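One structure below.
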Amino acid sequence: MQSQKEGLVDQGNFEGGLKATSANPNAFSGGSMNGETTTKNVQDAMGHAQSAIGNAKDALGSGVQAANTEIEVLKDQIAKLAQTVSQLVQSQASTAKDQVMSAVGTASESISHSASAAQGTLTFVEADVEARIKRNPWAALAIAARLGLRIAKALS
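Position one of the sequence shown corresponds to residue 150 (my numbering), numbered consecutively onward.
Structural data, given as structure tokens:
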């Protein structure tokens, strides 16, 4: 036995809840159950749904706040890491600079010692050649003439 009005529930088929009408399965109609209207039940359900939505919003807000806190902590950690890396690079650069300066100083000292030793040897050779020339001036003159001829021949 179906009601003439669309959207109403046949009281014979009503089993304590809302039922869709056969004409529109997505539409629910009122009806009565022991003197209590289904409108009150729908309002109660809507109140519970709104409460659940409010609770979901609160939970989402808490989650967003927790995520923002975590992001801030990560930002701080990244900033500290960047500062540590910067200090490490500066320290390594300073150490490398010190090592280069030490190597340059060592090389400079080595060159200075070598130049001093070479100058001492050259002074010794110069004194020896001068002494030989004084002892035997004609031999020195002959050697000088011979060297002059060879250089002239090589240049021509």
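Where a beta carbon is used, it is the ideal one built from N, C-alpha and C, also for glycine. In this text, all values refer to a predicted model and were calculated from it rather than measured experimentally.
Judged by DSSP in its simplified three-state form, N285 adopts coil rather than helix or strand. By the CB criterion at 9 Å, A289 and R281 fall inside the cutoff. T188 counts as exposed, since fewer than 16 other beta carbons sit within 10 angstroms of its beta carbon.
If only complete runs of 4 or more residues are kept, the stretch 177-265 shows no alpha helix (DSSP H) anywhere. Straight through space, the alpha carbons of L209 and M195 are spaced by roughly 21 Å.
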